[in-house]
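Notes follow once the structure below has been shown.
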Amino acid sequence: MTNAPILLEMRSITKEFPGVKALSDVNLVVKAGEIHAICGENGAGKSTLMKVLSGVYPYGTYAGDIIYQGEVVRYSDIRQSERAGIVIIHQELALIPDMSITENIFLGNEPRKRGAIDWTAAQRQALDLMARVGLTEDPDTLIKDIGVGKQQLVEIAKAFAKDVKLLILDEPTAALNEADSQHLLDLLRGFRERGITSIMISHKLNEIEAISDSITILRDGKTVETLDVKGDGVDEDRIVRGMVGRELSSRFPDHTPNIGEVFFEVRNWNVRHPISAERQVCKNESFTVRRGEIVGFAGLMGAGRTELAMSVFGRSYGAFESGQIFKDGKEIKLKSVADAIHHGLAYVSEDRKAIGLNLLDDIKTSTVAAKLSKITHHGVLDEAEEYQAAESYRKELRTKAPTVHEGVSKLSGGNQQKVVLAKWMFTDPDLLILDEPTRGIDVGAKYEIYGIIQRLAEQGKGVIVISSELPELIGLCDRIYTVFEGQITGELSREQANPETLMKQMTSTKKMQIR
Amino acid sequence: MSRFKELQKNLFGGQTSNARQFGMIFTLVAIVLLFQILTANRAGVGFGDGLTLRSDNLMALLQQNSYILILAVGMLMVIVAGHIDLSVGSVAAFTGILVAKSMAEWSFPWPVAILFGLAIGAAIGVWQGFWVAYVGVPAFIVTLAGMLLFRGANQFVGNAQTLPVPAGFQKIGGGYLPEVGPDTGYNNLTLLLGLAAIAAVIWRELQARRTRREMNADPAPLWVSIVRLAIMIAVLIFVTLRFAGGRVGTSFPISGLIMVVLVIAYAFYTRNTAGGRHIYAVGGNSRAAELSGVKLKRVNFFVMMNMSILASLAGMIYVARAGASGPQDGLNWELDAIAAVFIGGAAVAGGIGTISGSIVGGLVMAVLNNGLQLLGVGTDRVQIIKGLVLLLAVALDVYNKSQGRFSIIGSLMRPFRRDEPSVPATPSDASAPPAKTTVAG
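The listed protein sequences derive, respectively, from chains A and B.
Just add 865 to wherever you are in the first sequence, counting from 1, and you've got this note's numbering.
Just add 79 to wherever you are in the second sequence, counting from 1, and you've got this note's numbering.
The following block contains the structure:
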């Protein structure tokens, strides 16, 4: 690999936005036929670099040279870079849900015959492309009817339809479950054998370690280093060190659990799907939470963890069928989100942009949004109190923003998550349900979020953490439930939990009660 | 920070929303002065004698537009919540004919007729709110249906004829504050109103300084507060004397007073209460609002119902001013109200907008309309100009936001702010979806 010719070289790329230098003197060298990973914390400039490459930021808006296949290239839009075989697959997939697989694959690139679209040819080519990415579906299936893993494959097939030479994937596995991720990574390996070069941006360091040939690490818009995975003996810790610029002694802060009595209990919880009533999403699920305890919920995507959490949180998901909730020994009925908040529940959703935050708001408005009554006197909002509350959380959680008047849309993922946490801490909850609290957040911010979760538990609150990352659950939780197809399939203490046992229970309905 | 920018920030607040409103007010003042000059030139008199700022013209301006401004208040809330109401003109007309009929044929005394009219508005509001909030039919469709339905109902009830209303009722549309107390050469109640307004702005300024201190932020320097107050008080004194010193028997219009009271009340409601904030939350992200405990259906129901009640009130004021209810009342009102709201900076997608912005937006249109008519420009060309103004005002705003700057004034002020970067287009990997532009369909 070391002697392979260089396919792409980006030389001292500098890109400025008004007031901010997003990239400064960045260098990237990608050899033909390799898988090249780009790592860096949020805001390090990874996506900006790829946008420069693909012509989203046209020639002239940046300084530096791009040398592709031995020539200096100057793209002024995406079409030009695509014609040269450089195709980007963005994290948010660019597919039209109500169009078929074939239509999506050839969107903007339709095979024509005498001016009209040649659907017969399109169909035939689509089948061929789908075979190349290992997608077995009827090409007439609508995108909205296939899972996100298969949608990702359609995106790649779409790239092949454009005769791709350099495939760029931005966080390709962020939304995929373990099996789909594995399939995708295998696919990338297959491409490598066929001589297609890939650039992969990812936060999942284990995947990068497993698949990539070389790694370029960016930090604060500058190139830190380029590592040769095989030659340099790179492992996850090595990558993290490059990304954060210091050694992270531990992935989790120190914490001594101080666990009290059971104070929250859900018994025989049954919920049906909101639209297709024959589908039972929660099947007779029961669980408990103790004071000061961090309880994990492990499960594959689609196992029904979020559905369980949201249905408990004031029936905000699905059609409630039966089940009881007890708090402090008394049964409580939570028929609306307002009820749930009133009884001290808080739910931090997995999708903070879509349903966790109003992106038009600033930090202070977001912080108080779930409990306006706390700052209302005689029906009037007290803006000074609002400010003080938001400011104290900003300091406590170390949210990076100049003031609490800053709009939340301008914050990075980690800081947005801190605002959401502040919003729910402001409601003085006894039980916090955190759904994928570190999704899309970089390593440094993750560590801080873990610290916040542990402090909440130390204050005697119960915390439920739903996560797809097993190491996170194992490192953080005092007890872990496993969920599979809407059922709780196991319960493991901190000592018993290890990836193998968890994975086994997450993929089988056989109930294993270890304690 | 450049001196000019600092001055602007001190005088008008540092936040972008304030800067935007400053821009709108700036535009309004510019238009008023422009028409004052043009009308003075046309009549061949000095600047001070231009038609635009004459007492009778100011009164007419207020009377002719108070009902549109009242509609704009309700429309702002509807649009912020993410809906639209196309039925307001028809609802106003339907209420107008029923109220006129109630007095002419069922001999309701006029105060009872007003309550009756508001009740009709509430009933229509329940009807439309039900379909929007509880059935989930888009407000565009519900109110498009309502537009046809209530226009037809107006003509059905009134036999497509006009029906006059009694003199007592006409007061709410065409009446003025009465003359009371000693002869000062001015209308005493209008003077009192002006004094109250001056007291209110002083009190607000003090309040604002106190809030700033409670936020541990330094209040603006004292001289800034004084200059700002001086400007506002000077304007208030000028306006008060104009309204108080017109032809005998005229003063501040009652319809204007109703409008001002409603504007203050609703501005307070949307800004300073939980209910108001819920409207913004629903429009900004309804799912997030719901998961924060906001009762979505209730909020949607409320804004639609409130709009219909205000439309009824506007309809009655119009009928009172015209002296009769007719089959063409309220035609295209919805468009004027919607235009005011969008010129005032609201977002089509919801979640953004202020009452004060909408009122200023409505006044910009009103002054434009009035000034062009004073200059003898025909209604055909007035419409063309108004259409272009709407498009340009919003286009400029969209453009400025896409450039990471804010609003009309943002570009006006641009040459002055060299040393401070405007809001950066976040180049983060988080790839936040682009913030809603003012008008993004």
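For every residue, glycine included, the Cβ atom is placed at its ideal position computed from N, Cα and C.
Check your understanding: Ends of the beta strand (DSSP E) at B:T241?
Key -> Within the second sequence, residue 241 of chain B is the residue found at index 162, counting from 1. That residue, B:T241, is in no beta strand (DSSP E); it is neither H nor E in DSSP.
Review point. What residues in its chain sit with their C-beta under 6 angstroms from that of A:R1259, if we drop five residues either side in the sequence?
Key: In the first sequence, counting from the first residue as 1, residue 1259 of chain A sits at position 394. Closer than 6 angstroms at the Cβ level, and outside the excluded window around A:R1259, lie V1269.
Point to revise | Within chain B, the residues that A:A902 reaches when beta carbons sit closer than 8 angstroms | key: As a first step, residue 902 of chain A is located in the first sequence; it is residue number 37 there, counting from the start. The premise fails here: A:A902 is roughly 14 angstroms from chain B at the closest Cβ pair, so nothing lies under 8 angstroms.
**Study point:** Given A:R1059 as reference, the closest of A:Y922, A:A1044, A:L1032 once Cα atoms are compared
**Key:** Residue 1059 of chain A sits at position 194 when you count from the first residue of the first sequence. Comparing alpha-carbon positions, the option among A:Y922, A:A1044, A:L1032 lying closest to A:R1059 turns out to be A:L1032.
Check your understanding: What separation, rounded to the nearest whole angstrom, lies between the Cα atoms of A:T913 and A:Q934?
Key -> Numbered from 1 along the first sequence, position 48 holds the residue referred to as residue 913 of chain A. Numbered from 1 along the first sequence, position 69 holds the residue referred to as residue 934 of chain A. If I take the Cα positions, the gap works out to 21 angstroms.
Practice item. With distances taken Cα to Cα, identify the nearest neighbour of A:K1148 among A:L1222, A:F1117, A:A1184. Key: One-based indexing of the first sequence puts residue 1148 of chain A at position 283. Nearest in C-alpha terms to A:K1148, of all of A:L1222, A:F1117, A:A1184, is A:A1184.
Exercise for review: Could you tell me which uninterrupted alpha helix (DSSP H) segments, each at least 4 residues in length, are contained entirely in the segment 1043 to 1124 of chain A, listed from first to last along the chain?
Suggested key: 1043 to 1058, 1070 to 1076, 1094 to 1097, 1101 to 1109
Point to revise | Span separating the alpha-carbon of A:V937 from that of A:S877 | key: In the first sequence, counting from the first residue as 1, residue 937 of chain A sits at position 72. In the first sequence, counting from the first residue as 1, residue 877 of chain A sits at position 12. Rounded to the nearest angstrom, the two C-alpha atoms are 13 angstroms apart.
Exercise for review: Go ahead and label A:K978 buried or exposed: buried means 16 or more other beta carbons lie within 10 angstroms of its beta carbon, across all protein chains shown.
Suggested key: For this step, residue 978 of chain A is matched to residue 113 along the first sequence. Burial call: exposed.
**Study point:** Chain-ordered chain B contacts of A:Y1312 [CB-CB under 9 angstroms]
**Key:** Mapped onto the first sequence, residue 1312 of chain A falls at position 447. Within 9 angstroms of the CB of A:Y1312, no CB atom of chain B is found; the nearest one sits about 18 angstroms away.
Review point. Listing by chain order, which chain A residues have their CB less than 8 angstroms from the CB of B:K374?
Key: Indexing the second sequence from 1 puts residue 374 of chain B at position 295. Here the neighbours are S1201, A1203.
**Study point:** Pairwise C-alpha distance: A:M964 and A:D1003
**Key:** Mapped onto the first sequence, residue 1003 of chain A falls at position 138. Mapped onto the first sequence, residue 964 of chain A falls at position 99. Going from the Cα of A:D1003 to the Cα of A:M964 covers about 13 angstroms.
Point to revise | Rounded straight-line distance, which links the Cα of B:L453 to that of B:F114 | key: Within the second sequence, residue 114 of chain B is the residue found at index 35, counting from 1. Within the second sequence, residue 453 of chain B is the residue found at index 374, counting from 1. If I take the Cα positions, the gap works out to 9 angstroms.
Practice item. Have a look at A:L872 and A:I903 and give me their C-alpha separation to the nearest angstrom. Key: Locating residue 872 of chain A in the first sequence gives position 7, counting from the first residue. Locating residue 903 of chain A in the first sequence gives position 38, counting from the first residue. When the Cα atoms are used, A:L872 and A:I903 turn out to be separated by approximately 16 angstroms.
Exercise for review: Could you tell me whether any Cβ in chain A is nearer than 7 angstroms to the Cβ of B:G430?
Suggested key: Locating residue 430 of chain B in the second sequence gives position 351, where the first residue counts as 1. It does; some Cβ of chain A falls within 7 angstroms.
Point to revise | N- and C-terminal bounds of the beta strand (DSSP E) containing A:R876 | key: Against the first sequence, residue 876 of chain A aligns to sequence position 11. Note, A:R876: beta strand (DSSP E), 871 to 882.
Review point. Going by C-alpha distance, which of A:K1015, A:H901, A:V1202, A:G1157 is nearest A:L960?
Key: The residue labelled residue 960 of chain A in the question sits at position 95 within the first sequence. Ranking A:K1015, A:H901, A:V1202, A:G1157 by Cα distance to A:L960 puts A:K1015 first.
Check your understanding: Just how far apart, CA to CA, sit B:M294 and A:I1220?
Key -> For the purposes of this step, residue 294 of chain B is taken as residue 215 along the second sequence, with counting starting at 1. For the purposes of this step, residue 1220 of chain A is taken as residue 355 along the first sequence, with counting starting at 1. Taking the straight line from one Cα to the other gives about 29 angstroms.
Review point. Is there a Cβ from chain A that is less than 7 angstroms from the Cβ of B:S365?
Key: On the second sequence, residue 365 of chain B is found 286 positions in, with the first residue counted as 1. Cβ-Cβ to chain A under 7 angstroms: no for B:S365.
**Study point:** Given B:S391 as reference, the closest of B:A160, B:Q462, B:S169, B:G125 once Cα atoms are compared
**Key:** As a working note, residue 391 of chain B is residue 312 in the second sequence. Looking at the Cα atoms, B:S169 is the closest of the given residues.
Practice item. Scan the segment 335 to 351 of chain B for residues whose Cβ lies nearer than 7 angstroms to a Cβ of chain A and list them as they occur along the chain. Key: N351
Check your understanding: For the alpha helix (DSSP H) that B:R283 lies in, which residues bound it at each end?
Key -> As a working mapping, residue 283 of chain B is identified with position 204 in the second sequence. Run containing B:R283: 267 to 293, per the alpha helix (DSSP H) assignment.
Check your understanding: So, is B:A275 buried or exposed, given that buried needs 16 or more other C-beta atoms within 10 angstroms?
Key -> The residue given as residue 275 of chain B occupies position 196 in the second sequence. Flag for B:A275 reads exposed.
Point to revise | Interface positions of the segment 202 to 216 of chain B facing chain A (Cβ-Cβ less than 8 angstroms), listed along the chain | key: Those would be none; no residue qualifies.
Check your understanding: Is there a Cβ from chain B that is less than 7 angstroms from the Cβ of A:A1234?
Key -> Residue 1234 of chain A sits at position 369 when you count from the first residue of the first sequence. Yes, its Cβ sits closer than 7 angstroms to a Cβ of chain B.
Point to revise | Per DSSP, the bridge partner or partners of A:R1137 | key: Here the question's residue 1137 of chain A lines up with position 272 in the first sequence. In DSSP, A:R1137 forms a bridge with A:Q1145, A:A1184.
Exercise for review: Spell out whether any CB of chain A is found under 7 angstroms from the CB atom of B:S371.
Suggested key: Counting from one through the second sequence, the residue named residue 371 of chain B turns up at place 292. For B:S371, the answer is yes, since a Cβ of chain A falls inside 7 angstroms of its Cβ.
Review point. Around the Cβ of B:E499, are there at least 16 other Cβ atoms within 10 angstroms (buried) or fewer (exposed)?
Key: The residue labelled residue 499 of chain B in the question sits at position 420 within the second sequence. For B:E499, the predicted model reports a pLDDT of 33, less than 50, meaning its position is unreliable and no value from the coordinates is stated.
Check your understanding: Are the C-beta atoms of B:A360 and some chain A residue less than 7 angstroms apart?
Key -> Numbered from 1 along the second sequence, position 281 holds the residue referred to as residue 360 of chain B. Yes, its Cβ sits closer than 7 angstroms to a Cβ of chain A.
Practice item. Look up A:P1336 in the DSSP assignment and say whether it is helix, strand or coil. Key: Here residue 1336 of chain A is taken as the residue at index 471 of the first sequence, counted from 1. Three-state DSSP puts A:P1336 in a helix.
Review point. Which word fits B:N233, buried or exposed, when buried means at least 16 other C-beta atoms lie within 10 angstroms of its C-beta?
Key: Numbered from 1 along the second sequence, position 154 holds the residue referred to as residue 233 of chain B. By the 10 Å Cβ count, B:N233 comes out buried.
Point to revise | Interface partners of B:T458 on chain A, CB under 8 angstroms | key: Mapped onto the second sequence, residue 458 of chain B falls at position 379. Residues of chain A passing the Cβ test: none, with the nearest at roughly 38 angstroms.
Check your understanding: Using Cβ-Cβ distances below 7 angstroms, what residues of the segment 293 to 307 of chain B are close to chain A?
Key -> Correct list: E293, M294.
Review point. From this set, A:V1213, A:C1342, A:S1077, which residue's C-alpha is nearest B:A368's C-alpha?
Key: Sequence index remark: in the second sequence, residue 368 of chain B carries index 289 (1-based). Looking at the Cα atoms, A:V1213 is the closest of the given residues.
Check your understanding: Going by DSSP, which residues form a beta bridge with B:G332?
Key -> The residue you call residue 332 of chain B lines up with position 253 of the second sequence. One point to set straight first is that residue 332 of chain B is Pro, not Gly, in the sequence displayed. In DSSP, B:P332 forms a bridge with B:Y255.
Review point. Is the CB of A:E1002 under 7 angstroms away from at least one CB in chain B?
Key: Residue 1002 of chain A sits at position 137 when you count from the first residue of the first sequence. So no, A:E1002 is outside the interface.
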